[in-house]
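There are 2 protein chains.
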Amino acid sequence: VLLYDSRASGNCYKVRLALAHLRLVCELHEVDVVDRSGRAELLGHLNPALRVPVLVLDDGRALAESNAIISYLADGSHLAPSEPFARAQVLQWLFFEQYSHEPNIAVVIFWVAYATDPPPHAEIEARRALGHVALEAIERHLSSRSFLVAEKFTIADIALYAYTHCAQRGGFDLDRYPAIGRWLQRIAAQEGHVPMDAPQPK
Amino acid sequence: VLLYDSRASGNCYKVRLALAHLRLVCELHEVDVVDRSGRAELLGHLNPALRVPVLVLDDGRALAESNAIISYLADGSHLAPSEPFARAQVLQWLFFEQYSHEPNIAVVIFWVAYATDPPPHAEIEARRALGHVALEAIERHLSSRSFLVAEKFTIADIALYAYTHCAQRGGFDLDRYPAIGRWLQRIAAQEGHVPMDAPQPK
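Same order as they appear, the protein sequences are chains A and B.
Take the first sequence: its position 174, counted from the start at 1, is 174 in my numbering, and no numbers get skipped.
Take the second sequence: its position 12, counted from the start at 1, is 12 in my numbering, and no numbers get skipped.
Written as structure tokens, this is what we have:
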């Protein structure tokens, strides 16, 4: 199995973190997330959206969208509930992550930490405010729970952990979210956890 | 089963269209998508993101995010593949829809057709350009296929149909996308199809 990957991308980190918990190893192909020239040639036949991560199976079939990839990898494992409603709740958080969290938190991190030509300050502030709305929703939910779904560590936690744990790089003050703070420590303490910058196991 | 719904929302239409194909009827509770006051009181205990649609089961459990709801409803039915990789491909398109399609196409439709205080023209144009990028990705994919996944009608088609079929309301010229045009006709011709403005069956 081959993963088109980027060390700087939280979306790619989700896949590496799920692989680590599942004790799976895969070949990594690093893709530049700042210089996007050549994307169509590299990924056009693999992902219509031209983004990483993309997982390529040994028979050549390709799967894109980070949350679809971790759902596929975790299917039937301890990282995914088998009960239908809990499965749907995991999906609810995965879609929340891609609609309300990533476009605001990951994009602000990218603008602040990587972009060579970031947008005006007011636009960054507006996105950061929406990121805080997403963090407040997670904080409310976690104030009475240990994990996002079914009181078990699942791919929902992996997906939300990826860009929450490094949100401070985008100027998000996580001290405002004590339940999120405890949850981040809980996720990092799971057996099998690897940090975002961990070297790939050989 | 109760659905917090909006006739104007394509995200809600996805759920109504899936229900129609599954021959399920549910009680509808109309929620205003323009006047958003009172959202926290109405939906706060049901959906941390305070959005419709929300599905409430007879035992009171609530499920949010349109694509999680249709995944839950379609699980085990003819609208969802059972083979693991095809299931993951359906998820890939559902995440593409929420990340690359809805935030650009649905939001532009909302700004043009509903918003009382839309953003400046240049911002609408920038979003519309991103919407065309999403439509081009779908057009490339459908140029050699009848449906998005596994050559079968699935919830991936339902999810992408919702805001594509009415994209012209947001100023998107669909004549540029012949494969999408044929696919839209194919979806509307499926047995059990209902239009977005169809009255709820009694």
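Even for Gly, the Cβ is constructed at its ideal location relative to N, Cα and C.
Considering Cα atoms alone, identify which of A:27, A:125 and A:165 is closest to residue 10 (chain A).
A:165
Using a Cβ-Cβ cut-off of less than 7 Å, give me the residues of the stretch 58-69 of chain B that come near chain A, in sequence order.
61, 63, 64, 65, 67 and 68
Rounded to the nearest angstrom, what separates residue 23 (chain A) and residue 136 (chain B) at their Cα positions?
38 Å
Residue 187 (chain B) to residue 195 (chain A) span [Cα, whole Å]
Taken atom to atom, the span from the alpha-carbon of residue 187 (chain B) to that of residue 195 (chain A) is near 44 Å.
Would you call the stretch 79-86 of chain A in contact with the stretch 171-181 of chain A, where contact means no fewer than 3 C-beta pairs closer than 8 Å?
no
Contact set for residue 2 (chain A): own chain, Cβ-Cβ below 7 Å, skip 5 residues either direction
26, 27, 29 and 56
With DSSP run on the structure shown, which of helix, strand or coil describes residue 63 (chain B)?
In this structure, residue 63 (chain B) counts as strand in the three-state DSSP scheme.
Report the three-state DSSP secondary structure of residue 78 (chain B) (helix, strand or coil).
Note: residue 78 (chain B) maps to coil in three-state DSSP.
Going along the chain, which residues of its own chain have a beta-carbon closer than 7 Å to the beta-carbon of residue 77 (chain A), five neighbours each way excluded?
22
To the nearest angstrom, report how far apart residue 143 (chain B) and residue 7 (chain A) are at their CA atoms.
Each residue's alpha carbon lies about 34 Å from the other.
Would you grab the beta carbon distance between residue 65 (chain A) and residue 79 (chain B) for me? Rounded to a whole angstrom, and I think it's under 8 Å.
At roughly 19 Å, the Cβ-Cβ gap does not stay under 8 Å, so residue 65 (chain A) and residue 79 (chain B) are not in contact.
Where residue 13 (chain A) falls: helix, strand or coil (DSSP)
helix
Length of the line joining the Cα atoms of residue 123 (chain A) and residue 121 (chain B):
Taking the Cα positions, residue 123 (chain A) is about 16 Å away from residue 121 (chain B).
Among the candidates A:178, A:169 and A:152, whose CA atom is the shortest distance from the CA of residue 190 (chain A)?
A:152
Mind checking if residue 35 (chain B) is an interface residue toward chain A, Cβ cutoff 8 Å exclusive?
no
Quick one: is residue 154 (chain B) buried, meaning 16 or more other Cβ sit within 10 Å of its Cβ, or exposed?
buried
How about residue 182 (chain A) and residue 109 (chain A): do their beta carbons lie closer than 8 Å?
Going by C-beta atoms, residue 182 (chain A) is not nearer than 8 Å to residue 109 (chain A).
Residue 63 (chain A) to residue 131 (chain B) span [Cα, whole Å]:
Cα to Cα, residue 63 (chain A) sits roughly 22 Å from residue 131 (chain B).
Return the bridge partner residues of residue 90 (chain A) from the DSSP annotation.
According to DSSP, residue 90 (chain A) bridges with nothing at all.
Which two residues bound the contiguous beta strand (DSSP E) that contains residue 29 (chain A)?
27-30
Taking DSSP as the reference, what is the three-state secondary structure of residue 114 (chain B)?
coil
Top-ranked residue by Cα proximity to residue 184 (chain A), from A:199, A:197, A:157 and A:15:
A:157
Compare the beta carbon distance of residue 69 (chain B) and residue 159 (chain B) with 8 Å and say whether it is the shorter of the two.
no
Output yes or no for whether 8 Å exceeds the beta carbon distance between residue 34 (chain B) and residue 46 (chain B).
With contacts defined by Cβ atoms closer than 8 Å, residue 34 (chain B) and residue 46 (chain B) do not form a contacting pair.
Length of the line joining the Cα atoms of residue 37 (chain A) and residue 44 (chain A):
12 Å
Applying the 10 Å Cβ sphere with the 16-neighbour rule, what's the burial state of residue 163 (chain A)?
buried
So is residue 114 (chain A) buried or exposed if we call it buried at 16+ other beta carbons inside 10 Å?
exposed
When Cβ atoms are compared, which residues of the stretch 77-105 of chain A fall closer than 9 Å to chain B?
84, 85, 87, 88, 89, 90, 91, 92, 93, 94, 95, 96, 98, 99, 100, 102 and 103
Alpha-carbon to alpha-carbon, residue 58 (chain B) and residue 20 (chain B):
19 Å
Got a sec? Which residues, its chain only, sit under 7 Å from residue 13 (chain A) by beta carbon, not counting five neighbours each side?
162 and 196
Hey, does residue 49 (chain B) have any beta-carbon neighbour from chain C nearer than 8 Å?
Absence of chain C from the displayed structure is noted, the protein chains being A and B.
If we call anything under 8 Å between Cβ atoms a contact, is residue 117 (chain B) one with residue 52 (chain B)?
no
Applying a beta-carbon distance threshold of less than 7 Å, which residues of chain B neighbour residue 6 (chain A)?
Here the premise fails: no neighbours, minimum Cβ distance about 16 Å.
Where does residue 4 (chain B) fall in DSSP's three states?
Note: residue 4 (chain B) maps to strand in three-state DSSP.
Taking buried to mean at least 16 other C-beta atoms within 10 Å of its own C-beta, is residue 49 (chain A) buried or exposed?
Buried, because 16 or more other Cβ atoms sit within 10 Å of the Cβ of residue 49 (chain A).
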